[in-house]
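Novice: Protein sequences appear in the order of chains A and B. Count along the first sequence from 1, then add 9; that gives the number in this note's numbering. Count along the second sequence from 1, then add 457; that gives the number in this note's numbering. All residues carry an ideal CB built from backbone N, CA and C; glycine is no exception. Here the structure is a predicted model, which is why all the values come from computation and not from measurement. Handing you this structure, nothing more for now.
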Amino acid sequence: MNSILGLISTGPKIVFPSISYKAIGPEIILIVGALVIMLISSLAPSLKRTKAIGAMAFAVTAIALIDSIVLWSNFVSHGASRAIASSIVLDGFAIFLMITISSAALLSVLAGEAYLSRSRIGRVEYHCLLLLSSAGAILLASAGDLIVVFLGLEILSIALYVMAAFEKRNQLSGEAGLKYFILGGFSSAIFLYGIALTYGATGTTNIQKIASFLATNTVTSNGVLLAGIALLIVGLGFKVAAVPFHLWTPDVYQGAPAAASGYMAAVAKAAGFAGLLRILITAFPTQRLDWQPIIWGLAALTLVVGAILAIVQSDIKRMLAYSSINHAGFVLLGVAAGTAGGVSGSLYYLIAYTFMVIGTFAIVNVFEDSDTGVVPIERLRGLARTNPALALFMAVLLVAQAGAPLTTGLLAKFSVIAATVKAHSYILAVIAMLSAVIATFFYLRVVAVMYSKVPQDKVSESPIDDEEVLVFASGGDGDLGSFDRPEGDLAVLAPAKVAVARSLRISTEAKIVVGISILFTVGFGIFPNPLVHMADLAKLLF
Amino acid sequence: METSLILAAIAKPDLITFIAAAAIVLAGAFGVVASKNPVHSALSLVMTMFGIAILFIEENAQFLAAVQIIVYAGAVVVLFLFVIMLLGVDRREIFSREKLRGQLPMGIVAGVIALGEVLLLAKTTWATGAKASTGPVGNSVDNVTRIARAVFSTYLLPFEATAVLLVIAVLAAVYLARRVVVEHNEEEEIAVAIPEPDDSDFGVSISTADYSEDFENESDEEVIDL
């Protein structure tokens, strides 16, 4: 051993960086939690198929959330810090996103449990992938180095590819996973190339050092630097589904299990925007005149295309996919403003959207077939009569996404548009408001379908409804867990009644998820101060 | 004549090494496209990789040279060979007809564009900004040592974080490659064989057609309802 050390120590002594385990606490909790769950499930295979796995995953995310909140209170009392050779930064921005991501993981474990007890496959794998991917997202949110940003993005994305393809009996799910994987792989490569060019232009991958290099040096011919910034924007633009890099979104959200889609929408967006905001605003403030017009254009396109294409969707998962693109446009407003107000507006939007979208997808999950994975909006027809509570919750979550008063949705939209107006981009603010009006239409359309009556006379004469019933019946066949379901009766029921029969089997986990989402969305909508204050504190420092 | 060549080699060893390595690279690349047997193509690719590794060593990039051989020649080409062997070595007809229409002209166009790009980059002098953070080459400490130091100091966290990627890769590969196992809360576990590809194709295409019809007709109805 000594001789080896002697061989190594020919050069100057290696100075190992001091490692602050506290700074990467949530990541360690999530990763170790996933490993422990895998270990336990292989040592005690009888546990594999029980809710104990879900309970453990829930405990892990809860501990990670508590740890994030402890980090936040430390930050409030002691201020921001950097750790582990400056590859981790713990400013308000990072910790706010840690809280966002761990709450998303917590809700998604519950929503996932609701999905897994229906589909009965891969319980351990689903939860472990979820925990590991949220560890990647948290790593990305607190990254101080482009390499760490890249690794966080990859850990997050690769787990998400598998979660999209999780429902192996359904070909749409496999297609979703493959599409996401190939396009995501390309975008990761583009992002990595952007890092390489940025390194070539500035000589460092550390975000803080890039900023100080560009502040103290003038790059005379900046082709390499500009190409690097452009590629970084393209790579992250894909992850947050900004138009024109959005083409994967509807197929992936539709094919993936609804619980996974909700998680994907919340966490991939939060993490992608964490990277985008950190890189553009901390690393390239000197190049603002170069990147701001690009983000401006992306935001305008994303807002308009997302809203317009959402209108023509007949599948609710596809509609929510386009609506998530529309939401990405709103968050991009904060990025385009590039001010402190813009950053806290974006953060507020991300946490509000996280709770709304996971709750919405948890409800969609109730109506989902394991075999096809599609959820036509028509399946919700007449829900208000058969299950008024569920219809009310769905309606609240949808109008909150549209930006209704007394919900976090309104404040979120208001804060990013206010930041845009303060940054004097009035045209963009007008585009945003118009797209919010368009978006209101497709959210209200679903609400209208839920609160409209089931046309009884149509059921018998229209052949389509019969086919729908057939599809339902085959769904019952494929689901081995429900032999006891009276399929003969199902075939004669009207589709809405079938929907009722399904919707009555709402699991406790789904109820908890929806309850928390509603409480958060409405609670912080009526008493906005704590959350707004928190988002204001969450500044980008490094 | 010979002595003058040797003298030239001694005077300009870099040039001679470059010419030799470039010849190996080109010969290998030519072999990849010209061989009739896919296994020979893959082996020619190994030759190209070795030539590129020599070029890296000449540029004092010993680490990249090692990675080039370990990753590309050692892993990637072996993977290619596995695929070729699994598909069957004797299937020569793969090369006889083009799978994509207009493959050849498009390939030529792409090649010309790539060449133009390289020439453009060689001509222009884009400032690359700072010197490498690892310090100037030519110091007493060599390249590989420098990278090792960077990995265990500046990039310690990212280096450790790659472990998580490997965990996910193993987990994902095992899950996706396994048969569908429907889990029951009771003791028994029913393994459902994945249906025959033809059958499942058929079934899904029918059901999606049903759905698309549903969508069209129901959106028509919806206008009336609203």
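1. How about A:A92 and A:S142: are their beta carbons less than 9 Å apart?
2. So, helix, strand or coil for A:A152, using DSSP?
3. Taking all protein chains shown into account, do 16 or more other C-beta atoms lie within 10 angstroms of the C-beta of B:A620, making it buried, or fewer, making it exposed?
4. Between A:A269 and A:V249, what straight-line distance do the alpha-carbon atoms span, to the nearest angstrom?
5. Using a Cβ-Cβ cut-off of less than 8 Å, give me the residues of the stretch 470-500 of chain B that come near chain A, in sequence order.
6. Looking only at its own chain, which residues have a Cβ that is under 8 Å from the Cβ of B:I463, when we skip the five neighbours before and after it?
7. With DSSP collapsed to three states, give me the class of B:S610.
8. At least one CB of chain B closer than 9 Å to the CB of A:N374: is that the case?
9. Going along the stretch 155-186 of chain A in order, which residues come within less than 7 Å of chain B, judged by CB to CB distance?
10. Less than 8 Å between C-beta atoms, sequence neighbours within five positions excluded: which residues of the same chain meet that for A:K422?
11. With A:R564 as the anchor, note down where its alpha helix (DSSP H) starts and where it stops.
12. What residue from A:G315, A:V344, A:D324, A:D260 has the CA that sits closest to A:G284's CA?
13. Does A:S55 pass the burial test, meaning 16 or more other C-beta atoms within 10 Å, or should it be called exposed?
14. Ends of the beta strand (DSSP E) at A:A92?
15. Any contact between the stretch 233-252 of chain A and the stretch 288-296 of chain A? By contact I mean 3 or more CB pairs, one from each, below 8 Å.
16. Between the C-alpha atoms of A:A274 and A:A330, what's the straight-line distance to the nearest angstrom?
17. Reducing DSSP to helix, strand and coil, say where B:Y494 ends up.
18. Work out the CA separation of A:H433 and A:L187 for me, nearest whole Å.
19. Curious, which full-length beta strand (DSSP E) runs of at least 3 residues does the stretch 413-444 of chain A contain?
20. Please list, in chain order, all residues of the same chain as A:D545 whose beta carbon is under 7 Å from its beta carbon, the five residues on each side excluded.
21. A:Y362 to A:T214, Cα distance in whole Å?
22. Within 10 angstroms of the Cβ of B:E646, are there 16 or more other Cβ atoms? Answer buried if so, exposed if not.
23. For A:V79, which option in A:L99, A:I62, A:K60, A:A68 has the closest C-alpha, if you only look at C-alpha atoms?
24. Within 10 angstroms of its Cβ, does B:A648 collect 16 or more other Cβ (buried), or is it exposed?
25. Please report how far the alpha carbon of A:D380 lies from the alpha carbon of A:S333, in whole angstroms.
26. From A:L169 to A:L206, what distance separates their C-alpha atoms?
27. Near A:M65, which residues of its chain fall below 6 Å by C-beta distance, leaving aside the five closest residues on each side in sequence?
28. Determine the DSSP secondary structure at A:D324, reduced to helix, strand or coil.
29. Taking only the alpha-carbon atoms, compute the straight-line gap between A:G246 and A:A150 and give it to the nearest angstrom.
30. What runs of the alpha helix (DSSP H), each 4 residues or longer, lie entirely inside the stretch 342-412 of chain A?
31. Does DSSP put B:V566 in a helix, in a strand, or in coil?
32. Pair every Cβ in the stretch 189-200 of chain A with every Cβ in the stretch 302-315 of chain A, then say whether three or more of these pairs are closer than 8 Å.
33. What are the start and end residues of each continuous alpha helix (DSSP H) run of 4 or more residues lying completely inside the stretch 141-202 of chain A, in chain order?
34. On a Cα-Cα basis, can you pick out the residue from B:L483, B:G564, B:T611 that is closest to B:S501?
35. Drop a sphere of 10 angstroms on the beta-carbon of B:A626, count the other beta-carbons inside from all chains shown, and report buried for 16 or more, exposed for fewer.
Specialist: Quick look at the numbers:
1. The answer is no: Cβ separation not under 9 Å.
2. Strand, per DSSP.
3. B:A620 should be labelled exposed.
4. Spanning the alpha carbons of A:A269 and A:V249 requires a straight line of approximately 16 Å.
5. Along the stretch 470-500 of chain B, none of the residues has a CB nearer than 8 Å to a CB of chain A.
6. For B:I463, where only same-chain residues beyond five positions count, there are no Cβ hits under 8 Å.
7. In the displayed model, B:S610 falls within coil according to three-state DSSP, outside both helix and strand.
8. Interface criterion not met: the Cβ of A:N374 is under 9 Å from no Cβ in chain B.
9. Within the stretch 155-186 of chain A, the residues whose Cβ lies closer than 7 Å to some Cβ of chain B are I156, V157, L160, E163, I164, I167, A168, V171, A174, K177, R178, Q180, listed in chain order.
10. Only F339, Y358, G412, A441, A445 meet the Cβ criterion.
11. The displayed coordinates of chain A run from 10 to 551. Any statement about residue 564 of chain A would go beyond what the structure contains.
12. When each option's Cα is compared against that of A:G284, the closest is A:V344.
13. It counts as exposed.
14. From DSSP, the beta strand (DSSP E) with A:A92 extends over 90-92.
15. The stretch 233-252 of chain A vs the stretch 288-296 of chain A: in contact.
16. Looking at the two C-alpha atoms, the distance is approximately 8 Å.
17. Sequence inspection shows Asn at residue 494 of chain B; the Tyr mentioned does not correspond to that position. Looking at B:N494 - three-state DSSP - the assignment turns out to be coil, as it is neither helix nor strand.
18. Cα to Cα, A:L187 sits roughly 42 Å from A:H433.
19. Entirely contained in the stretch 413-444 of chain A, not one beta strand (DSSP E) run reaches 3 residues.
20. Within the same chain, A:D545 has close Cβ partners S353.
21. Near 31 Å, if we compare the C-alpha coordinates of A:T214 and A:Y362.
22. Reliability fails at B:E646, whose pLDDT of 44 lies under 50, so the model's placement of it is uncertain and the value that follows must be treated cautiously. By the neighbour-count rule (16 or more Cβ atoms within 10 Å), B:E646 is not buried but exposed.
23. Out of A:L99, A:I62, A:K60, A:A68, the CA that lies nearest to the CA of A:V79 is found in A:L99.
24. Model confidence at B:A648 stands at a pLDDT of 48, short of 50, so the residue's coordinates are unreliable; what they give is reported in the following sentence. It is exposed - the Cβ of B:A648 has fewer than 16 other Cβ atoms within 10 Å.
25. Distance between A:D380 and A:S333, taken at the CA atoms: about 25 Å.
26. For A:L169 and A:L206, the distance between alpha carbons rounds to 27 Å.
27. Excluding residues within five positions, the ones whose Cβ falls inside 6 Å are I46.
28. Three-state result, A:D324: strand.
29. Cα-Cα distance, rounded: 16 Å.
30. Runs of the alpha helix (DSSP H) inside the stretch 342-412 of chain A: 349-375, 392-395, 397-411.
31. DSSP places B:V566 in the helix class (H, G or I) of the three-state scheme.
32. Per the Cβ contact rule, the stretch 189-200 of chain A is not in contact with the stretch 302-315 of chain A (fewer than 3 Cβ pairs under 8 Å).
33. Segments of the alpha helix (DSSP H) lying fully in the stretch 141-202 of chain A: 155-173.
34. Among B:L483, B:G564, B:T611, the Cα nearest to that of B:S501 is on B:L483.
35. Exposed: under 16 other Cβ atoms inside 10 Å.
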